[in-house]
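To start, the structure under review is shown below, and the notes come after it.
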Amino acid sequence: MSNKMSSFDPDGADMVLACEWLAKQFLAPPDDEQVRSIRSLRGQIALREIGASLNQQQAADTICQIMNADSSETVAETLQRRHVALFEGMFRQRCVLPYASVWDGTDRLGGPAVTRVKCLMRDLDIHLDSTCTEMPDHLGICLAVLAEALRQQREDVAATLLSDMRGWVPRFSEALIRADGTNYYGNLARLLMPLLDRIGEGLCSETGREQDNARDYERAGYEQ
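Residue numbering for the sequence shown follows numbering that gives the first Met the number 0, starting at 0 and increasing by one per position.
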């Protein structure tokens with residue numbers, strides 16, 4: 000997804016954009032240019048529309064306020080330090096590691112979730128960039144893979160990954176909110192489950208339409 004935020008339509012493809020934007024925030028803190036993009040009028044409108052679509056207006060409003068709290072350089076530096084402390088800290092008890100393997104019951108890095116995500120990536124014919132140093136079960140990568148599955152209209156892959164993420168993202172989100180409160184990453188965490196739920200509703204609606212169409216075809220066949 001582009002670093003620049005655009006106007007947001009809460010349906011269809013824009014759930015993909017919301018996924019990709021959140022993926023970027025968890026993979027790396029926004030730099031000076033990205034902060035300026037988010038705090039622009041267009042960026043703030045888009046972010047608030049995402050919040051409204053997910054019924055998380057307060058979280059979106061707070062993120063906008065954080066982005067405008069100081070110069071873009073200072074905000075970027077603050078978020079950089081916080082990202083390192085939360086997600087890359089040396090002391091595990093003080094950080095919230097953003098990997099499925101830590102939260103899905105495996106409780107160790109590099110668990111079975113890594114293989115599961117790799118298999119889904121193969122199904123989508125995608126791979127990690129050579130510069131990426133994160134494991135495939137990183138939250139940011141999972142969100143990016145989910146976005147790609149939706150873009151390719153691979154409901155089977157999206158549903159599988161969504162089911163997997165619903166098994167661990169709630170615990171991760173709760174821990175991150177406890178650790179970061181109403182700061183930037185705490186409010187990003189508040190967007191996660193509403194986003195996954197919204198995508199799940201869309202997949203269920205699509206499945207329902209397909210079933211209705213199948214029944215229509217069956218009835219038409221019987222009538223011939």
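Glycine residues also receive a C-beta, built at the ideal position from the N, C-alpha and C atoms.
Simplified DSSP state of residue i, which is helix, strand or coil
| i | result |
| --- | --- |
| H82 | helix |
| N212 | Because N212 carries a pLDDT of 49, less than 50, the predicted location of this residue cannot be relied on, and the following value inherits that uncertainty. If DSSP states are grouped into helix, strand and coil, N212 belongs with the helices. |
| E19 | helix |
| Y221 | Only weak support exists for where Y221 lies, its pLDDT of 49 falling under 50; the coordinates are left without a value. |
| R197 | helix |
| E133 | coil |
| D13 | helix |
Contact under 8 Å by Cβ, residue i with residue j
| i | j | result |
| --- | --- | --- |
| R150 | V15 | yes |
| I37 | Y183 | no |
| A111 | L78 | The sequence given here places Pro at residue 111; Ala does not occur at that position. Contact flag unset, no. |
| W167 | D69 | no |
| D31 | E72 | yes |
| A22 | A143 | yes |
| S204 | L191 | no |
| D136 | V113 | yes |
| A158 | L202 | yes |
| L195 | R170 | no |
| L160 | L119 | yes |
| Q24 | L175 | no |
Proximity test, Cβ basis, 8 Å: residue i and chain D
| i | result |
| --- | --- |
| R150 | Judged by its chain identifiers, the structure shown contains no chain D, having just a single protein chain. |
Burial state of residue i, where buried means 16 or more other Cβ atoms lie within 10 Å
| i | result |
| --- | --- |
| I140 | buried |
| R189 | buried |
| Q152 | exposed |
| E19 | buried |
| A17 | buried |
| E147 | buried |
| Q57 | exposed |
| D163 | buried |
| G180 | exposed |
| Q92 | exposed |
| N54 | exposed |
| R41 | exposed |
>> Assess contact between the segment 52-68 and the segment 27-44, defined as three or more Cβ pairs (one per stretch) separated by less than 8 Å. Is contact present?
In response: yes
> Is the segment 43-51 touching the segment 72-92 in the sense that three or more CB pairs, one from each, lie closer than 8 Å?
Replying inline: no
> When the Cβ atoms of the segment 92-106 are set against those of the segment 121-128, are three or more pairs found closer than 8 Å?
Replying inline: no
> What runs of the beta strand (DSSP E), each 3 residues or longer, lie entirely inside the segment 137-191?
Replying inline: none
> In chain order, which alpha helix (DSSP H) runs of at least 4 residues are fully inside the segment 44-79?
Replying inline: 56-66
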